[in-house]
Structure formats: structure tokens, C-alpha cells
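Residue numbers (this note's numbering): 13 to 386. All C-beta atoms, glycine included, are put in the ideal place defined by N, C-alpha and C. These numbers were taken from a predicted model, which means no experiment stands behind them. First up is the structure itself, then whatever we jot down about it.
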Ligand SMILES: Cc1cc2nc3c(=O)[nH]c(=O)nc-3n(C[C@H](O)[C@H](O)[C@H](O)COP(=O)(O)OP(=O)(O)OC[C@H]3O[C@@H](n4cnc5c(N)ncnc54)[C@H](O)[C@@H]3O)c2cc1C
């Protein structure tokens with residue numbers, strides 16, 4: 013009989029890699045499965061992988077993102093310092109109206125920063141006139157190399173998961189058996205009914221360019237431009253909501269990126285090295301999803317009045333967990349989420365309610381047009 017793992021993690025993007033790593037660190041016998049043998053073949057491989065705080069007026073999502081930023085930055089520096097470059101990240105206002113708001117954002121930065129004037133920006137080689145924030149502790153991960161480095165430390169196998177079966181107290185996934193399963197499949201979210209989480213893909217692209225431009229900091233306006241790292245500068249953005257990847261760019265995924273970048277920095281010597289496209293997965297309310305998976309069919313059958321506002325106790329699939337919905341900040345959230353998830357799985361600690369997917373279930377039952385109401 014096949015050996016029994018403590019936890020199988022499905023999906024070897026940054027969410028699955030960090031989950032497997034955290035569970036193994038806490039003594040679990042894990043196996044990470046992905047349909048591809050190439051590290052970070054999903055959204056994670058396409059990411060510019062900036063790790064920076066969120067700016068804004070102090071919304072709950074901003075607080076959570078900045079909390080996760082501090083945790084994840086420390087995680088990368090401690091465990092994977094070769095794959096996280098603390099270049100600093102300059103946040104540039106999108107336009108004049110946004111620039112007016114920067115003063116109201118300032119009290120909520122909650123991370124070490126400086127204000128940069130237009131002349132200070134120009135010393136960095138940035139052609140922008142609006143005062144910007146410079147977060148010197150922020151930086152950029154080498155996304156595929158980071159995932160590959162994690163995979164070197166965690167047992168993994170290539171396997172396309174077609175379905176999950178729970179029998180005799182064990183999850184059976186193809187030839188593999190485990191006490192628990194974590195779904196970290198990004199925008200592809202059809203293995204179990206998790207419609208209440210509202211995971212949707214947003215398509216994006218990245219171009220890596222050879223350049224000699226002395227760009228020592230990374231920056232984000234509407235697009236991201238990395239610092240020059242060993243002769244390569246990365247341009248990236250994800251903005252197009254799409255159910256399928258690579259159908260929205262008309263064969264020229266980098267055109268708009270190149271135009272925008274040329275207004276921000278001197279791109280005259282940029283020579284395209286490589287193009288990446290990918291989907292990132294966001295939840296219905298843009299907060300990440302970490303926790304147990306509710307047995308939707310069981311709940312609807314046992315409590316049909318749930319669609320009219322009843323609030324019965326929640327019933328979960330046994331030992332089935334999700335780690336997803338990291339949106340445009342997978343590399344900021346993943347290590348923090350993996351810590352939450354591993355505390356839940358190993359120590360039965362409750363997860364932070366801000367990321368617990370339970371928050372979305374009852375509302376989905378009441379409001380979803382996918383459900384037939386009596
Ligand atoms: C152009 C671009 C730029 C970005 N820039 C940044 C940035 O600067 N900073 C940042 O933090 N984030 C950024 N992101 C977002 C970030 O990439 C995502 O949030 C993150 O990669 C999502 O990771 P994930 O592990 O959830 O999903 P993915 O990386 O998509 O991983 C899911 C994995 O699951 C596997 N899988 C799915 N279904 C199955 C199955 N049935 N069987 C086996 N395997 C399966 C897939 O093969 C895939 O490898 C960017 C994204 C893009 C596209």
C-alpha cells in the first residue's frame with residue numbers, strides 16, 4: 013500500500029511551496045504535487061514578485077497586507093536570502109489626483125519610508141514629478157528561483173490531480189494517500205465546490221529586459237519596474253480580469269508595459285530577454301483564503317433554509333484546507349499565510365478571521381444567483 017503522508021499540498025506556486033515548507037518545519041511528513049515539473053509554472057512564475065507594503069488610508073486589507081509584508085520580508089531574509097533582493101521600492105502616485113491623497117496615506121504607512129521629491133527621484137533615474145514614498149526595506153524576489161529553492165527542501169512530485177476521494181479516514185489523490193490535503197491551486201479551483209470563495213483570475217504579463225541602466229531601486233506606479241539586477245530589469249502588471257489565460261493580449265502582452273515604462277525611466281537600451289504571462293487568483297472580497305473547506309453540498313442538503321438567511325453551524329470536509337486568493341500580492345502573503353495554515357493543521361489553532369474563508373459562506377448562500385431558492 014502507498015505510504016501515508018500527513019499532508020498533501022496540491023499546487024506548487026508560492027502559496028503551496030510556503031505551505032509545504034511551513035508544515036515540514038513543524039514536523040509533518042508532506043508531499044507537494046503539481047501538474048508541471050517546472051517550478052512556479054502558474055501565476056508565481058510570471059510575478060515580478062515585489063514584496064512591499066500596501067499604501068492607502070488604513071483599510072483592513074492595507075493593515076493585513078503590511079502585517080504580512082513585515083512577516084514575509086523577515087522570512088525571506090532568514091530562510092531564503094539569496095532569492096530576495098532588498099532593492100527598496102518607490103511608490104509613485106498614479107496621477108495628480110492620487111498625488112493629492114498621498115498626504116492622507118502617510119500616517120498609515122506603518123513601515124520604514126522616506127518621501128522623495130521630483131529631484132530626488134531623478135537622482136534614482138526616475139522621471140516622475142509627483143512626490144513619492146520610498147520603502148527602503150521592501151524588495152523583489154526571484155520568483156521561479158525562490159520556488160525552486162523551496163522545492164529542493166520539500167518532497168514533491170509531478171502529478172495532475174483530477175479529483176479527491178476521502179475513504180476510511182484518509183484522502184486518496186491518485187496513487188497518494190494523506191491524512192490532510194491543502195488546495196493551493198491558484199485560479200484553477202474546480203477540484204472541490206468552493207464557489208463561495210469566489211476565486212477569479214486576473215491576467216498579467218511580465219517582460220525581462222537586458223539593460224545597462226543604473227537603476228538601483230524598484231518602483232511601482234500603474235506597472236512595476238524592478239531595479240537592475242545583474243543586467244536585467246523586469247516590467248510587469250496584472251490588470252485584466254479573465255477566465256482563461258493568454259487570450260486578451262492579442263499576441264503583444266508587453267506593448268502597454270513598454271509604453272508606460274518609457275515614460276518613467278530611460279528604456280532606450282532595453283532588449284527583450286524573456287516574456288511571461290500568468291493568472292493571479294483573487295477572492296470575492298480581495299482578502300486571502302486560509303482555512304478549512306466547508307462541505308457545500310452537505311450544508312445545502314441539511315439546511316435548505318440557509319439560502320433564506322438561516323445560520324446553522326458550519327460543517328467541513330474532514331482535514332481539507334485551502335491556501336489561495338493571494339491576488340496581486342502572493343509573495344507578500346504566502347509565508348504569513350503558510351504560518352497561519354500550519355498552526356491550524358498541526359496545532360488546531362484558529363486562523364485569523366480576516367483570512368478564514370468561512371466569512372464568505374453564509375452571504376454566498378443568501379445572495380448567490382448560482383443557487384436555486386425555494
Ligand atoms: C504578471 C504578474 C505580476 C505579479 N507581480 C506580483 C508582485 O510584484 N508581487 C506579488 O506578491 N505578487 C505578484 N503577482 C501575483 C502572484 O504571482 C500570485 O499572487 C501568486 O503567484 C499566486 O500564487 P499561487 O501559489 O496561489 O498560485 P500559482 O502560482 O498559480 O500556483 C498554482 C499551482 O497549482 C497547480 N495546479 C492547479 N491545478 C492543479 C491540479 N489539478 N493538479 C496539480 N497541480 C495543479 C498549477 O500548475 C500551479 O503551479 C503577479 C502576478 C502576475 C501574473
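| query | Which value, in whole angstroms, describes the spacing of the CA atoms of residue 36 and residue 42? | reply | 6 Å
| Whose C-beta lies closer than 6 Å to the C-beta of residue 303 among residues of the same chain, with five residues either side of it excluded? | 363, 368 and 369
| message | Under 8 Å, with one C-beta from each stretch per pair, do the segment 133-141 and the segment 159-172 reach the 3-pair mark? | response | no
| residue 200: beta carbon under 7 Å from a heavy atom of ligand 1? | yes
| task | From the DSSP output, read off the bridge partner residues of residue 348. | result | Paired residue(s): none; residue 348 is not in a bridge.
| said: For a test of your reading of the model: does the CB of residue 62 fall under 7 Å from any non-hydrogen atom of ligand 1? Yes or no. | reply: yes
| Quick one: complete alpha helix (DSSP H) runs, 4+ long, within the segment 256-340? | 267-276 and 308-314
| heavy atom of ligand 1 below 7 Å from residue 245 C-beta | no
| field | Unbroken beta strand (DSSP E) run spanning residue 88, endpoints | value | From DSSP, residue 88 is part of no beta strand (DSSP E) but of the alpha helix (DSSP H) over 72-91.
| Separation of residue 321 from residue 381, as counted between CA atoms | So the alpha carbons of these two residues sit roughly 15 Å apart.
| Cα-Cα separation between residue 317 and residue 222, rounded to whole angstroms | 60 Å
| Which parts of the segment 93-181 are runs of the beta strand (DSSP E), unbroken and 3 residues or longer, counting only runs that do not cross its ends? | 101-103, 126-128, 144-147, 151-153, 168-170 and 177-179
| task | Return helix, strand or coil for residue 199, following the three-state DSSP convention. | result | When secondary structure is reduced to three states using DSSP, residue 199 falls in the coil class, being assigned neither helix nor strand.
| task | With DSSP as the reference, label residue 380 as helix, strand or coil. | result | Annotated three-state conformation of residue 380 is coil, per DSSP.
| request: List the residues that DSSP assigns as beta-bridge partners of residue 232. | output: 103 and 236
| request: Have a look at 325, 280 and 217 and flag the residue whose alpha-carbon is nearest the alpha-carbon of residue 264. | output: 217
| query | So what does DSSP say about residue 21, is it helix, strand or coil? | reply | strand
| Near residue 291, what residues of its chain come up, given a Cβ to Cβ distance below 6 Å and the 5 sequence neighbours on each side ignored? | 55, 199, 213, 215 and 257
| query | What's the gap between the Cα of residue 178 and the Cα of residue 153? | reply | 37 Å
| said: For the pair the segment 173-188 and the segment 123-133, tell me if three or more CB-CB distances fall below 8 Å. | reply: Verdict: no, contact absent.
| said: So, for residue 120: in the same chain, excluding its five sequence neighbours on each side, which residues have a beta-carbon less than 7 Å away from its beta-carbon? | reply: Non-local beta-carbon contacts of residue 120 in its own chain, meaning distances under 7 Å to residues more than five positions away in sequence, involve 68, 69, 70 and 74 in chain order.
| task | Please work out which residues of its chain come closer than 6 Å, Cβ to Cβ, to residue 108, disregarding the five sequence neighbours upstream and downstream, and give them in chain order. | result | For residue 108, where only same-chain residues beyond five positions count, there are no Cβ hits under 6 Å.
| message | Going by DSSP in three states, residue 36 sits in which element: helix, strand or coil? | response | Looking at residue 36 - three-state DSSP - the assignment turns out to be helix.
| Is residue 358 helix, strand or coil by DSSP? | helix
| field | Unbroken beta strand (DSSP E) run spanning residue 217, endpoints | value | 212-222
| At which residues does the beta strand (DSSP E) containing residue 44 begin and terminate? | Its beta strand (DSSP E) spans residues 42-46.
| message | With three or more beta-carbon pairs closer than 8 Å as the criterion, would you say the segment 334-349 touches the segment 17-36? | response | The segment 334-349 vs the segment 17-36: in contact.
| task | Could you tell me whether the Cβ of residue 142 comes closer than 8 Å to any Cβ of chain D? | result | Among the chains of the structure shown, chain D does not appear; only one protein chain is present.
| said: Nearer than 7 Å: is that true of the beta carbon of residue 353 relative to any heavy atom of ligand 1? | reply: no
| Where residue 115 falls, given that 16 or more other Cβ within 10 Å makes a residue buried | exposed
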